[in-house]
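The working numbering numbers the first residue of the sequence shown as 142 and each following residue consecutively. Written out below as structure tokens is the structure these notes cover.
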Amino acid sequence: MANRIRAGAVALVALLFVVPGAVVAAQSDPVSIPAGLANALMAGNRNGPLDNAHFVVGGLPTGWPEALRPAAPARVEGGLNGGTAMVAVFSDTARRFLETYLRRIEGAGWAPPPLPPQSGFQSFGFQSNNNFFGSYGLFCHDSAGVTAVAVPGAAVGAFVHVTYRFREPGCNRQMIMQSAMPKQLVVPILIAPSTSRSQGGGSSGGGDEISVRTRLVDSTLSAEAVAAHYGKQLVSAGWKRIDAVSKGQVATEVFDATDGADKPWSGMLTVMASGSDRHVAIIMWRRARQ
């Protein structure tokens with residue numbers, strides 16, 4: 142029964158990683174693959190079949206980067222070489238092994254892929270990144286990429302399935318930035334006054350209109366002062382202030398701007414004071430050229 146299960150697992154791995162018509166095993170491949178390793182290879186595969194995959198048991202595929210080798214006492218279960226990518230499976234009994242492994246490769250110079258440009262109201266002078274490990278655990282080094290995910294099947298501890306790709310599209314900075322080129326006007330990052338906290342907010346847009354908003358809490362600044370604070374940042378980003386009006390609890394500044402396609406936009410920054418809250422909104426409309 143055990144031999145039958147092992148044979149079935151090996152067959153499934155071959156079907157999963159090798160395209161139809163490809164040679165399943167070369168002379169250097171192992172005669173059999175442990176069921177646990179086979180299951181881990183299947184469970185971690187998220188990229189479809191690999192051409193002419195050659196399997197390794199108890200070691201790393203030839204050419205595996207030294208920086209991606211796990212630290213002791215982690216153990217190498219095996220892997221495969223698929224031509225355009227290599228896969229390795231590691232096991233360890235340590236807690237949070239995956240997180241430790243990802244921090245290790247980050248320390249070796251691998252980093253999450255670049256994020257597309259962000260915009261709008263921010264509480265502080267930096268972009269928050271709640272996903273410490275980037276997009277789906279992807280780390281980049283030049284054009285190469287590596288992903289690591291925990292997979293079930295280890296008798297003791299945990300298996301980590303690691304895929305190394307020589308050329309990873311998600312690591313191509315130029316491609317990412319080009320795909321993020323604005324099709325509308327982009328509101329620059331706007332930092333809240335140091336005496337206030339930006340809380341909540343949102344944005345919307347479509348076609349010829351965009352809007353962003355936020356709420357400052359525990360603010361002692363007047364509506365006019367808040368409008369001047371954000372208006373200065375808009376001017377620094379290249380927007381043109383046309384007019385500024387303030388009356389009582391409401392302040393408005395009128396702006397012109399152009400988007401990435403050099404199309405003109407017009408609109409306003411509005412601040413309304415309510416108790417210790419300051420409600421801030423920017424609404425812009427794309428206008429037809431005269």
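By construction, the Cβ of each residue, glycine as well, lies at the ideal position given by its N, Cα and C atoms.
What whole-angstrom Cβ distance do W406 and R382 have, given they're in contact under 8 Å? About 14 Å; that fails the 8 Å criterion.
Tell whether a beta-carbon distance below 8 Å holds between S417 and V358. yes
Taking only runs of the beta strand (DSSP E) that begin and end inside the region 202–264, which ones reach a length of at least 3 residues, in chain order? 216–222, 226–233 and 261–263
On a CA-only basis, which of G223, E247, P211 and R245 is nearest V230? Give me that one, please. P211
So E309 is in the alpha helix (DSSP H); what residue range does that whole segment cover? Looking at the DSSP string, E309 is not in any alpha helix (DSSP H), and its letter there is neither H nor E.
Taking A289 as part of the beta strand (DSSP E), name the residues at either end of that continuous run. A285 to V292
Determine the direct distance from the alpha carbon of P175 to that of T288, and round the result to whole angstroms. 23 Å
Inspect the CB distances between the region 305–315 and the region 226–242 and report whether three or more fall short of 8 Å. yes
Among the candidates G343, G219, A179 and A385, whose CA atom is the shortest distance from the CA of V197? G219
From this set, V217, L279 and L221, which residue's C-alpha is nearest R244's C-alpha? L279
Beta-bridge pairing of R356 - partner residues as DSSP gives them: Q340 and H420
Assigned exposure category for E207 - 16 Cβ within 10 Å defines buried: exposed
Less than 6 Å between C-beta atoms, sequence neighbours within five positions excluded: which residues of the same chain meet that for S387? E365
Alpha carbon to alpha carbon, what distance is there between R216 and A249? 19 Å
What does the alpha-carbon distance come out to for the pair V297 and D233? 8 Å
What residues match up with R382 in a beta bridge as DSSP calls it? F396
Considering only C-alpha positions, which residue in the set V395, S415 and I351 is nearest to T361? S415
Boundaries (first-last residue) of the beta strand (DSSP E) holding G408: P405 to S415
Leaving out the 5 sequence neighbours to the left and right, which residues in its chain are closer than 8 Å to A429 when beta-carbon positions are compared? none
Collapsed DSSP secondary structure at V391 in the structure displayed: strand
Work out the CA separation of G379 and R356 for me, nearest whole Å. 24 Å
Helix, strand or coil at V297 [DSSP, three-state]: coil
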